[in-house]
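S.K.: This is the structure I want to talk about, given as structure tokens.
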Amino acid sequence: MPDTPEPTRFPGGAMGLGPNNTYCLEITGEPADQFSSVPTRAAPCSGSNWMFFRRSGDIYTNTVYDLCLAPDASGTKVHAWKCSWRNDQQWVAVGNKFVQSIKPGLCMTVAPLQANQEITLTPCSQGDDPTQTVDTWHIGFLS
């Protein structure tokens, strides 16, 4: 009988993506100014500052760069913006899915589940869907 692989270990503050936290959510860089954003992607969990988040209410903040997650201008991709603390930067965990609070039928999705895949917003699926599994258990609260 083959050994069951251990779940990916990732540092506190990382958002695990997929079953067993196959990848982590990573911000791809810093926005050019307060009015622009940068994409997010699935990446191997390395513990880089671009993967470090804290929670304040329903807003998840990359505290190193003061960036918050929100939909891009088209509303179909998850980008990182300078934190404005508005409703579009709020997220709600529903089971193992991460739902955009102002668009409650849309879930954070990584499809296909692979490295460097952009994080998108798609209709929430029924039941378990590995492309919509997000683990925020390791994210602490801002004080």
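First residue of the sequence shown? That's 14 in this note's numbering, and the numbers climb one at a time after it. For glycine and all other residues, C-beta sits at the position ideal for the given N, C-alpha and C.
What is the rounded straight-line gap between the Cα of TYR78 and the Cα of GLU43?
M.R.: Roughly 8 Å separates the two Cα atoms.
S.K.: Can you tell me whether PRO52 is helix, strand or coil according to DSSP?
M.R.: Strand, per DSSP.
S.K.: Excluding the 5 residues flanking ASP148 on each side, which residues of the same chain have their C-beta closer than 8 Å to its C-beta?
M.R.: Excluding positions up to five away in sequence, the list reads MET28, GLY29, LEU30, ASN34 and ASN109.
S.K.: In the DSSP assignment, the beta strand (DSSP E) including PRO84 goes from what residue to what residue?
M.R.: Note, PRO84: beta strand (DSSP E), 80-84.
S.K.: Going by other Cβ atoms of all chains shown within 10 Å of its Cβ, with 16 needed for buried, is VAL112 buried or exposed?
M.R.: Per the 10 Å Cβ criterion, buried.
S.K.: Roughly how many angstroms lie between the CA atoms of ALA176 and THR144, to the nearest whole one?
M.R.: Nothing about residue 176 can be read from this structure; the chain reaches only from 14 to 156.
S.K.: So, under 8 Å CB-CB, ILE152 and ARG54 are touching, yes? Tell me the CB distance rounded to an integer number of Å.
M.R.: Not really, about 18 Å apart at Cβ, beyond 8 Å.
S.K.: Run the CB neighbour count on GLY88, radius 10 Å, all protein chains shown included, and call it buried at 16 or more, exposed below.
M.R.: Its Cβ having fewer than 16 others within 10 Å, GLY88 is exposed.
S.K.: In angstroms with no decimal places, state the Cα-to-Cα distance between GLY70 and GLY26.
M.R.: Straight-line Cα distance between these residues: approximately 15 Å.
S.K.: What does the Cβ neighbour count give for VAL91, buried or exposed, with the cut at 16 atoms within 10 Å?
M.R.: With 16 or more Cβ atoms within 10 Å of its Cβ, VAL91 is classed as buried.
S.K.: What is the rounded straight-line gap between the Cα of CYS37 and the Cα of GLN139?
M.R.: The alpha-carbon atoms of CYS37 and GLN139 are separated by roughly 23 Å.
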